[in-house]
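Student: Residue numbers (our numbering), protein chains in the order written: chain V, 11 to 166; chain B, 11 to 166; chain X, 11 to 166; chain L, 11 to 166.
My structure is below; once you've seen it, I'll send some questions.
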């Protein structure tokens, strides 16, 4: 998405993904079911990992992302037809995890409708345990974000 | 979609909808799960009903489409990242139903990957029974298709 | 579910729903996708509202539940075949909302695999705004929980 | 499921899987969305492959099932709450494929609500092409079905 077309609310996000709302995303209350934005956010995170080059660094080493936790706030109901613009960024990181922030901007309503966070652990699927985020992956992330990523203290 | 950008395979379809493939559409065999194109086709049919004006004619009268049957053929495996172009058209109609044809064209592979049909009944949700397709709805369909729609004989 | 069959971890929950894990719930990392437990939790909340009689009190008045926010923690990977036991309870309430807690207990692993919370607002879908939780609904909830429900102070 | 509890309509099926209908399976027409039974059928087919021992014979050889085509007929609308009983059987086979038949029996309505077929190809995921169904797999299938499986002539 050209920077000039980015709504102001999406400026902080290095990657913005456009996704059409489907009629089938509605539930019996006739709005988009609350689980659907979680799938949009997942798509945006995967795109982020690939675009930033981080995904490439994981491949072939048995490492990949795994979701440790999510939060999601629903500010506005979404309805078909609409196109959402999903913004995603890395907010901060720890030894083997990072906090990613995502928003869903409704083109119809001209406003952010949903926002969420996800704690993503870099996971060694062979050893079945978290893997340290190597320096080259952190560097790729910072190049992509065009800013330094703050390191959170270890969890108690 | 401008006609000039339409792949040849999509020329017969009055409506073409672009849908991004999501990473989460994959199943454990690491390709798009076979139920996902059915959702794409549903989205395309709903868009068809709205764009052709038929949806407008149903609203406020308690009538709506209901799926009586579907068929789907999977010619090629689909994988993320890709964008599918879904073509949809009405092939023929009966007293209260129509046969819709849909295809999913893979931009990555430059070929049709999935094709399917759906028998859609115009249903009176208040009376809970099929409703005759009125002449104005048939006319709207033919204007949208830019061709006459053949009438199938009644089912035995 | 008879109380005697309840795993200890599910004792605090007045309603426990058994749901089979489907093969198609897996994603490309070959475990249950992180959005699936959110659907399980939704099913359990709906069952709670119906079983407690609260759903009945909303019907016919245009009121219904709407999800304001969710959190979800993933402690263990889930895999097919398994049956999860979803526990759900109301933790506390405010003027027009309640905090519901849910857990997913893996029968295969004999442990809680996922836990989450949801802020559910009682919403007047006609007026499109939150509705006060009436006393009879609160009473139904307390009868069902067999304990008083604490009232949270208003949000600042 | 003990044979004595099997509804008559499910007698022809060696495997019957019980699946609860979820509230979230509803779409905006307030009945179960037509794509949902396709997921149920997939679950039942996977269970069939495992229970019959066929799945075990594929593992470790890079072979697995792939869906070539499906058909599905919707006879009755399904609504939450309900439990569907999914029956599945192999109807016939070819060199490297089999036709599986599935039905969804509604416990609430006491009748078959949906029926479908699937052409499943045994696929060599390493070589990316169909694999001949070996004799031991056919034998496992016939033991499980307790009847000989007819062989269809090759497709023209």
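All C-beta atoms in this analysis are idealised placements derived from N, C-alpha and C, irrespective of residue type, glycine included.
Can you tell which of 103/B, 109/B, 125/B and 87/B has the C-alpha that lies nearest to the C-alpha of residue 118/B?
Tutor: Comparing Cα-Cα distances from residue 118/B to each of 103/B, 109/B, 125/B and 87/B, the minimum goes to 87/B.
Student: Grouping DSSP H, G and I as helix and E and B as strand, with all else coil, what is residue 36/V?
Tutor: Of the three classes helix, strand and coil, the one that applies to residue 36/V here is strand, per DSSP.
Student: Can you pull the chain V neighbours of residue 32/B, defined as C-beta to C-beta under 7 Å?
Tutor: Under the 7 Å cutoff, chain V gives 49 and 53.
Student: Which chain X residues sit within Cβ distance under 7 Å of residue 56/L?
Tutor: Those are 33, listed as they occur along chain X.
Student: Would you kindly check if the distance between the Cβ of residue 75/L and the Cβ of residue 55/L is under 9 Å?
Tutor: Yes.
Student: Label residue 32/B either buried or exposed according to how many other C-beta atoms from any shown protein chain fall within 10 Å of its C-beta, with 16 as the threshold for buried.
Tutor: Burial call: buried.
Student: Residue ranges of each beta strand (DSSP E) run of no fewer than 3 residues wholly in the region 42-91 of chain B, ordered along the chain?
Tutor: If we require 3 residues or more, the beta strand (DSSP E) runs fully inside the region 42-91 of chain B come out as 73-84.
Student: Here's a check: name, in chain order, each residue in its chain whose Cβ is nearer than 7 Å to the Cβ of residue 91/B, leaving out the five neighbours to either side.
Tutor: Closer than 7 Å at Cβ, skipping near neighbours: 31.
Student: Under 7 Å between beta-carbons, which chain B residues line up against residue 36/X? List them in chain order, please.
Tutor: Result: 37 and 38.
Student: Determine, using beta-carbon pairs with one atom in the region 32-42 of chain L and one in the region 32-43 of chain V, whether at least three such pairs fall under 8 Å.
Tutor: Counting Cβ pairs under 8 Å, three or more are found: they touch.
Student: Going along chain L in order, which residues have a C-beta closer than 9 Å to the C-beta of residue 43/V?
Tutor: Under the 9 Å cutoff, chain L gives 34.
Student: Would you say residue 28/X faces chain L, with C-beta separation under 9 Å as the test?
Tutor: Residue 28/X counts as touching chain L.
Student: So, at 8 Å on beta carbons, what are the nonlocal neighbours of residue 44/X in its own chain, with the 5 sequence-adjacent residues on each side left out?
Tutor: Contacts found: 82 and 84.
Student: Report back the beta-carbon spacing between residue 97/L and residue 20/L to the nearest angstrom; my notes put them in contact at under 8 Å.
Tutor: Rounded, the Cβ-Cβ distance is 4 Å, consistent with contact.
Student: If we define contact as Cβ-Cβ less than 9 Å, is residue 154/B a contact residue for chain V?
Tutor: Closer than 9 Å: no.
Student: If we cut at 9 Å on Cβ distances, does residue 15/X have a partner in chain L?
Tutor: Not one chain L Cβ lies under 9 Å of residue 15/X.
Student: In chain order, what residues of the region 71-82 of chain X put their CB closer than 8 Å to some CB of chain V?
Tutor: Listed by position along the chain: 74, 76, 77, 78, 79, 80, 81 and 82.
Student: Would you say residue 154/X and residue 58/X are within 9 Å of each other, going by their C-beta atoms?
Tutor: Taking 9 Å as the Cβ cut-off, residue 154/X and residue 58/X qualify as a contacting pair.
Student: To the nearest angstrom, how far is the alpha carbon of residue 71/V from that of residue 161/L?
Tutor: Each residue's Cα considered, the two are about 45 Å apart.
Student: Buried or exposed for residue 34/X, please, with buried defined as at least 16 other CB atoms from any protein chain shown within 10 angstroms of its CB.
Tutor: The residue is buried, with at least 16 neighbouring Cβ atoms inside 10 Å.
Student: Count the other CB atoms within 10 Å of the CB of residue 15/X; is the residue buried (16 or more) or exposed (fewer)?
Tutor: With fewer than 16 Cβ atoms within 10 Å of its Cβ, residue 15/X is classed as exposed.
Student: Identify the residues that DSSP records as bridge partners of residue 120/B: which are they?
Tutor: According to DSSP, residue 120/B bridges with nothing at all.
Student: So, is residue 62/X buried or exposed, given that buried needs 16 or more other C-beta atoms within 10 angstroms?
Tutor: Residue 62/X should be labelled buried.
Student: Could you check the C-alpha separation between residue 108/X and residue 24/X for me, to the nearest Å?
Tutor: Using only the alpha carbons, I get a separation of about 16 Å.
Student: Residue 3/B and residue 100/B: beta carbons closer than 9 Å?
Tutor: The requested residue 3/B does not occur in the structure, where chain B is confined to residues 11 to 166.
Student: Could you pull out every residue in the same chain whose Cβ sits closer than 7 Å to the Cβ of residue 146/L, ignoring the five residues on either side in sequence?
Tutor: So the list reads 67, once near-sequence residues are dropped.
Student: Return the chain-ordered list of same chain residues with a C-beta closer than 7 Å to the C-beta of residue 142/B, the five sequence neighbours on each side being excluded.
Tutor: Correct list, in chain order: 105 and 106.
Student: Measure the CB-CB distance between residue 129/X and residue 110/X and report whether it falls below 9 Å.
Tutor: Against a cut-off of 9 Å, the Cβ pair of residue 110/X and residue 129/X comes out as a contact.
Student: Ignore the nearest five residues each way along the sequence and tell me which others in residue 89/L's own chain have a CB closer than 8 Å to its CB.
Tutor: Cβ within range, chain order: 31, 36, 40, 41, 42 and 118.
Student: Reducing DSSP to helix, strand and coil, say where residue 148/L ends up.
Tutor: Here residue 148/L sits in helix by DSSP.
Student: How many Å lie between residue 163/X and residue 133/X at the Cα?
Tutor: Near 19 Å, if we compare the C-alpha coordinates of residue 133/X and residue 163/X.
Student: CA-CA distance, residue 64/L and residue 22/L?
Tutor: Spanning the two alpha carbons is a distance of roughly 20 Å.
Student: Roughly how many angstroms separate the alpha carbons of residue 157/B and residue 127/B, rounded to a whole number?
Tutor: Roughly 19 Å separates the two Cα atoms.
Student: Mind checking whether residue 47/L and residue 120/L have CB atoms under 9 Å apart?
Tutor: No.
Student: Which chain V residues sit within Cβ distance under 9 Å of residue 135/X?
Tutor: Chain V residues near residue 135/X: 39 and 40.
Student: Measuring CB to CB, does residue 52/V end up less than 9 Å from residue 77/V?
Tutor: Yes, Cβ-Cβ distance for residue 52/V and residue 77/V is below 9 Å.
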